[in-house]
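**Q** Here you go, one structure.
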Amino acid sequence: MNQAMITIVEVKKNRKKYLVSTLNNDYSFEEDTIIKYGIFKNKEFTKDELENIIRDDQKNKILNIALFYLSFRNRTVFEVYTYLRKKDYSEQLVLSIIDRLKDLEYLNDRSFSLELIDYYIRINKGPKVIIEKLKQKGIDELIINETMVLYDDETVKNVIQTIIEKNINNNIQEPIKKQKQKLYNKLLRDGFSGSVILSMINQFEFIEDYEENLIKEIEKSKKRYSKYDEKIMKNKIITSLLNKGYEYNVIKKYL
137 MNQAMITIVE VKKNRKKYLV STLNNDYSFE EDTIIKYGIF KNKEFTKDEL
187 ENIIRDDQKN KILNIALFYL SFRNRTVFEV YTYLRKKDYS EQLVLSIIDR
237 LKDLEYLNDR SFSLELIDYY IRINKGPKVI IEKLKQKGID ELIINETMVL
287 YDDETVKNVI QTIIEKNINN NIQEPIKKQK QKLYNKLLRD GFSGSVILSM
337 INQFEFIEDY EENLIKEIEK SKKRYSKYDE KIMKNKIITS LLNKGYEYNV
387 IKKYL
């Protein structure tokens, strides 16, 4: 059975879109859709043809929304998928858009991963931080494992060395033990493993110049524990200062 024909009665540009009217309905189409299907006044389409045009136009709309989202920075498949699904587009439609974006080379999780790894290496972050960032972006574990080979053991050591050299003199007013602990904690936060950190820290010679600081600590502690007799007060001061990283023989020298 032949389908009844639907006639376009008006095509009017409305900003970046086109308002297309038939006798019974109005549609808003992208310019690409108008050109692709040759939509103009008095053009006739079957119902199936018009429904196909509407579906195709919706895909174009969503594709343009995704491209706008990608225009600000590179994103992962997971990020684009989540963004479009939050707009209540069907999963099937979103997946088809993602496939299209991959074909157009706007989405490539492997390239994204390599770029992110390179960036975090340049700002001196360790492997654990980077892996966590990649997981947050929804990168597949297989891609993470393949791309993290960029951050080999030698590079890890070079980055740690750079961090140590930059920070080694930041706390010379404190005991060496405390200096090392602070640096160790920083490197842990930056995403490096404890065993590698210790190995690298032990290759450096730390200096300390804490005499003035120690004397101030002792005076403060004397005031804090002044209510105790001298023996108990000294024991409490020694315990407090040991916990802060000072050596016992050095504490005894000034106490």
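If you count the sequence shown from 1, you need to add 136 to reach our numbering.
For each residue, glycine too, the CB sits at the ideal point set by N, CA and C.
For tyrosine 287, count the other beta carbons within 10 Å of its own beta carbon; 16 or more makes it buried, fewer makes it exposed. Which is it?
**A** In summary, tyrosine 287 is buried, with 16 or more beta-carbon neighbours lying within 10 Å of its beta-carbon over all protein chains present.
**Q** Could you pull the start and end residues of the alpha helix (DSSP H) that aspartate 162 belongs to?
**A** Taken as a continuous stretch (DSSP letters only), aspartate 162 belongs to no alpha helix (DSSP H), being part of the beta strand (DSSP E) at 162 to 166.
**Q** In the DSSP assignment, what are the bridge partners of lysine 148?
**A** Leu155
**Q** Take methionine 369 and list the residues in its own chain whose beta-carbon comes closer than 6 Å to its own, dropping the five residues that flank it on each side.
**A** Tyr361
**Q** Strictly by DSSP, which residues pair up with isoleucine 142?
**A** Phe181
**Q** Put glutamine 228 into one of helix, strand or coil per three-state DSSP.
**A** helix
**Q** Just checking my contact of leucine 240 with alanine 202 at CB under 8 Å: how many whole Å lie between their CB atoms?
**A** 10 Å between Cβ atoms; not a contact.
**Q** Compute the distance between the beta-carbons of valine 285 and asparagine 260, then report whether it is under 9 Å.
**A** no
**Q** So what does DSSP say about aspartate 105, is it helix, strand or coil?
**A** No statement about residue 105 is possible, as the shown extent of the chain runs from 137 to 391 and does not include it.
**Q** With a threshold of 6 Å on Cβ separation, who are the neighbours of asparagine 306 within its own chain once the five nearest residues in sequence on each side are excluded?
**A** none
**Q** Counting only the same chain and skipping the five closest in sequence on each side, list residues whose C-beta sits under 6 Å from that of aspartate 224.
**A** none
**Q** Is arginine 360 helix, strand or coil when you go by DSSP?
**A** Residue state, collapsed to three classes: helix.
**Q** Excluding the five sequence neighbours on either side, which residues of its own chain have a C-beta within less than 8 Å of the C-beta of aspartate 326, listed in chain order?
**A** Asn260, Lys261, Gly262, Val265 and Ile299
**Q** Which runs of the alpha helix (DSSP H) fall wholly inside the region 245 to 300 and span at least 4 residues, in chain order?
**A** 245 to 258, 263 to 272 and 277 to 283
**Q** Grab the span of the alpha helix (DSSP H) containing isoleucine 374 for me, first residue to last.
**A** 366 to 379
**Q** Do tyrosine 219 and arginine 211 have their C-beta atoms within less than 9 Å of each other?
**A** Taking C-beta atoms as the reference points, tyrosine 219 and arginine 211 count as a pair closer than 9 Å.
**Q** CA-CA distance, phenylalanine 204 and arginine 221?
**A** Looking at the two C-alpha atoms, the distance is approximately 16 Å.
**Q** Can you give me the start and stop residues for the alpha helix (DSSP H) that leucine 220 sits inside?
**A** 213 to 221
**Q** Is isoleucine 333 buried or exposed, if buried means 16 or more other CB atoms sit within 10 Å of its CB?
**A** buried
**Q** From aspartate 162 to isoleucine 233, what does the alpha carbon distance come to, in whole angstroms?
**A** Between the alpha carbons of aspartate 162 and isoleucine 233 lies a gap of roughly 25 Å.
**Q** Take leucine 252 and list the residues in its own chain whose beta-carbon comes closer than 6 Å to its own, dropping the five residues that flank it on each side.
**A** none
**Q** Suppose you measure from the CA of phenylalanine 248 to the CA of threonine 291; what does that come to, to the nearest Å?
**A** 20 Å
**Q** So isoleucine 304 and phenylalanine 340 are in contact, right, with Cβ under 8 Å, and what is the actual spacing, rounded?
**A** Beta-carbon to beta-carbon, isoleucine 304 and phenylalanine 340 are separated by about 6 Å, close enough to satisfy the 8 Å threshold.
**Q** Closest by CA to lysine 179, which one among Glu166, Ile142 and Lys172?
**A** Ile142
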